[in-house]
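See below for the structure under consideration.
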Amino acid sequence: MTERRIPGHARSGLKHWVLVAAGCAAVVGGALGATSATGAVTGGQRAADGPVAEPVPTASPLPEVDLAKVRLPLECGPFPVAVGLKASAVLDGEPVTVAAAHCQADMGTPPDGVFLVGADGAPVLLLPDADGLTVTELAVRSDGSIRGKARGYSSPDVPRFSPDLQVELVWTRSGGAWATTETRTPVHGA
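Pasting the structure below:
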């Protein structure tokens, strides 16, 4: 019978497990210390023809639309809709919530759609999930604009696990409609 010896780099000892525990504690501590995308709002000037986000004291929570009562128009088949990011504010005296949502699939990262939901519960589509973007930041600004960042792909040939574009998104209201401005820049090293 031959004895098999495990190489030194493959053995785990006390030092290894202490480092693993410290790493896990750092990740959990970072997650607990992180804040969600609440869209903190500060006072601002009214845009020429747009809404104004009213300043809300930081001691009181922002009024928020209950997204659990809203049916976001995503075609997910048997999968539920998951809200990844949301930001709330008061626009023109009414509470609104902006949400980035996607189909909650078992594997992968489905693209996000972005919706503006007012007190009436009717979602307004700002970004269709068919655009193939994954939203990473979302905020309502004091001037009433909505800002976001997303990751995307320059072509269908780019592997879905390696987005090669950073997309800056800005939505502004002109009249009764929302206009989108986006800036796409290549991700470094892509």
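Mapped onto mature numbering (1 follows the signal peptide of the UniProt record, and there is no 0), the consecutive letters of the sequence shown carry residue numbers -33 to -1, 1 to 157.
Glycine included, each C-beta is placed from N, C-alpha and C at the ideal position.
Who are the near neighbours of residue i in its chain, counting only those whose CB is closer than 6 angstroms to its CB and skipping five residues on each side?
i    : result
T150 : E135
I113 : V65, V107 and W138
C43  : C70
V91  : L83
P47  : Q71
Under the assumption that residue i contacts residue j (Cβ atoms under 8 angstroms), give the Cβ distance between them as a whole number of angstroms.
i    : j    : result
P130 : G119 : 6 angstroms
G115 : V81  : 7 angstroms
L39  : A68  : 5 angstroms
Hey, how far is the Cα of residue i from the Cα of residue j?
i           : j      : result
E61         : S121   : 38 angstroms
Q133        : T152   : 5 angstroms
V37         : K(-19) : 50 angstroms
G51         : H155   : 25 angstroms
residue 165 : A54    : In the structure as shown, the chain begins at -33 and stops at 157. Residue 165 is therefore absent and cannot be evaluated.
A144        : G88    : 17 angstroms
V84         : L34    : 8 angstroms
M74         : F128   : 12 angstroms
R140        : A49    : 26 angstroms
residue 162 : L105   : Here the chain comprises residues numbered -33 to 157, so residue 162 is not present and cannot be evaluated.
D96         : S109   : 26 angstroms
L41         : A(-13) : 40 angstroms
D(-11)      : D79    : What sits at residue -11 in the sequence shown is Gly, not Asp. C-alpha separation (whole angstroms): 30 angstroms.
In or out: residue i buried (at least 16 other Cβ within 10 Å) or exposed?
i           : result
G111        : buried
A117        : buried
residue 161 : Since the first residue shown for the chain is -33 and the last is 157, residue 161 is missing from the structure and cannot be characterised.
P77         : buried
D124        : exposed
Grab me the residues of residue i's own chain with a C-beta within less than 7 angstroms of its C-beta, minus the 5 sequence neighbours each way, in chain order.
i    : result
T103 : K116, A117 and R118
A86  : V32, E61 and P62
Leaving out the 5 sequence neighbours to the left and right, which residues in its chain are closer than 8 angstroms to residue i when beta-carbon positions are compared?
i    : result
T147 : L93, L94, L136, V137 and W138
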